[in-house]
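Enquirer: Residue numbers (this note's numbering): 75 to 394. This structure is in structure tokens; I'll ask about it shortly.
Shown next, in the form of structure tokens:
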């Protein structure tokens with residue numbers, strides 16, 4: 075056999091070996107409470123998934139109430155959780171700050187769903203923390219890059235969503251999100267598009283903690299801001315940390331939004347470093363002439379900087 079033929083044979087053998095390696099794991103699992111699937115718990119399915127897979131792993135979750143704290147580990151990359159229906163596929167737990175009782179950082183242990191794995195996707199799910207108005211109680215904690223959520227309900231009271239990870243990119247599409255105080259908070263770069271943001275009490279919607287070196291924080295596009303009947307005084311946001319960045323573009327704002335719009339969290343110095351902006355909003359809660367003087371009404375040219383391409387760079391949200 076000539077050396078050329080041997081070379082081609084070895085090349086083909088290598089290609090076959092790589093292909094085999096990429097296919098030596100399951101890419102589809104089913105979770106069902108009644109035992110009709112591969113697993114009866116979501117965490118069991120996640121734990122059975124290959125670490126750092128070459129191809130996306132999809133876990134189909136049948137309707138049911140799954141009472142469990144779920145963690146998508148950092149090695150569970152390219153993982154999708156897809157519910158049968160967003161109303162009836164429910165992940166739920168009820169941890170809160172005082173119940174956890176782990177000191178000053180107890181908030182970060184209260185999650186119902188924690189996502190640490192990059193390239194995560196969730197669809198047609200309800201993720202909820204049912205602790206009630208008892209202090210910090212996270213429903214969804216995302217500390218991953220390129221994580222997306224589509225047609226999900228994310229329910230809680232204080233601190234419903236912790237969008238974490240300095241500069242990590244996260245995308246929420248057509249989701250319903252509700253809470254009381256600071257119910258969307260954290261340091262991530264997160265876009266909320268075509269979402270309903272529902273306030274359950276007179277308080278604050280966002281508490282961004284954007285790092286000084288990060289260009290974008292929280293961005294709300296084409297969202298509807300609604301509230302419970304007795305809620306009449308809600309701020310769009312306040313800065314958890316200096317340099318917080320939050321903008322609302324082309325959103326409908328109900329009359330529960332305070333005319334001043336924004337709050338400095340009792341830190342006048344933060345007014346010099348935060349960037350709070352609005353553009354093209356409408357509804358009785360949008361009163362640009364009465365907004366805090368240290369915030370911004372964007373120009374059309376500035377608004378162009380908030381396209382998905384500008385915000386997410388090379389991430390094309392292909393994990394949907």
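Ideal placement from N, C-alpha and C gives every residue a C-beta, glycine not left out. These figures come from a predicted structure and were not determined experimentally.
With a floor of 3 residues, list each beta strand (DSSP E) that falls wholly inside the region 260-284, ordered by position along the chain.
Expert: The region 260-284 contains these whole beta strand (DSSP E) runs: 263-267, 270-273, 278-282.
Enquirer: I'd like the ranges of any alpha helix (DSSP H) spanning at least 4 consecutive residues and lying wholly in the region 300-386.
Expert: Listed in chain order, the complete alpha helix (DSSP H) runs (minimum 4 residues) inside the region 300-386 are 374-377, 382-386.
Enquirer: So which of 193, 167, 227 has the shortest CA-CA distance to residue 206?
Expert: Residue 167 is the option with its Cα nearest to residue 206.
Enquirer: Residue 277 and residue 263 - do their beta-carbons sit closer together than 8 Å?
Expert: No, the pair does not count as a contact, with Cβ atoms beyond the cut-off.
Enquirer: In or out: residue 336 buried (at least 16 other Cβ within 10 Å) or exposed?
Expert: By the 10 Å Cβ count, residue 336 comes out buried.
Enquirer: As an exercise, report each continuous beta strand (DSSP E) stretch of at least 3 residues that is fully enclosed by the region 167-211, in chain order.
Expert: Whole beta strand (DSSP E) segments, 3+ residues: 187-189, 195-197, 200-203.
Enquirer: Which residues in the same chain have their Cβ closer than 7 Å to the Cβ of residue 96, if we skip the five residues on either side of it in sequence?
Expert: Below a pLDDT of 50, predicted positions are generally treated as unreliable, and residue 96, at 49, falls in that range; the measurement from the model is reported next regardless. Only 128, 129 meet the Cβ criterion.
Enquirer: Assuming residue 139 contacts residue 164 (C-beta within less than 8 Å), just tell me the rounded distance between them.
Expert: About 5 Å separates the two Cβ atoms, so the contact holds.
Enquirer: For the beta strand (DSSP E) that contains residue 119, what are its first and last residues?
Expert: Segment 116-121 is the alpha helix (DSSP H) holding residue 119; no beta strand (DSSP E) there.
Enquirer: Excluding the 5 residues preceding and the 5 following residue 257 in the sequence, name in chain order all residues of the same chain whose CB lies nearer than 6 Å to its CB.
Expert: The answer, listed in chain order, is 234.
Enquirer: How about residue 149 and residue 109: are their beta carbons less than 8 Å apart?
Expert: Cβ atoms of residue 149 and residue 109: not closer than 8 Å.
Enquirer: Does the region 357-373 come into contact with the region 240-247, if we say contact requires no fewer than three beta-carbon pairs (one atom in each stretch) closer than 8 Å?
Expert: Taking 8 Å as the limit for Cβ pairs, the verdict is that the region 240-247 does not touch the region 357-373.
Enquirer: Spatial neighbours of residue 193 within its chain, please: C-beta separation below 7 Å, excluding the five flanking residues on both sides.
Expert: Correct list, in chain order: 151, 152, 220, 393.
Enquirer: If distances are taken between C-alpha atoms only, which option among 356, 349, 361 comes closest to residue 376?
Expert: The shortest C-alpha separation from residue 376 is found at 349.
Enquirer: Taking C-alpha atoms, which residue in 249, 102, 250 lies nearest to residue 132?
Expert: The shortest C-alpha separation from residue 132 is found at 102.
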